[in-house]
Amino acid sequence: MHAAISAKVCYFVEVFSPTVVGLARGYHFKNQEARKKALEQEIEQLQARLGEGVDAEKIVKRHIALLHKYNEAKDAAQILIGRLASIKQTTIRQIHEDYGLTDDD
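Residues 1 to 105 in full-length UniProt numbering are what the sequence shown lists, from first letter to last.
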């Protein structure tokens with residue numbers, strides 16, 4: 001229902017009021033230009049933070065390598081916590097509580 005009304009309104013505006021259509025298109029164009037300018041400024045700011053000409057693929061590869069190292073260290077810590085729980089004949093949850101570790105750790 002609304003689409004049919006909207007189409008009729010658009011047709012009426014185009015046929016009977018080309019000035020309104022021109023203004024609407026101009027407004028849309030200005031919004032696009034403002035958005036484009038804002039995005040270009042954001043790109044410049046991000047490039048300034050990263051460094052000009054820095055290879056994005058290189059950054060991603062480094063980040064992934066660091067995540068692998070982190071996960072390996074976390075896995076090793078969990079193994080040690082499990083062994084400590086076994087030696088103390090308690091649960092891993094209790095070891096976490098004893099050492100103030102949260103589920104996020």
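Beta carbons are placed, not taken as given, at the ideal position from N, Cα and C, and that holds for glycine.
- According to the DSSP assignment, Gln-94 belongs to the alpha helix (DSSP H) that extends over 92-98.
- Close CB contacts of Ile-95 within its chain, under the 6 Å cut and outside five residues either way in sequence, are with Ile-81, Leu-84, Ala-85 (chain order).
- Here the alpha carbon of Asn-71 sits roughly 15 Å from the alpha carbon of Lys-61.
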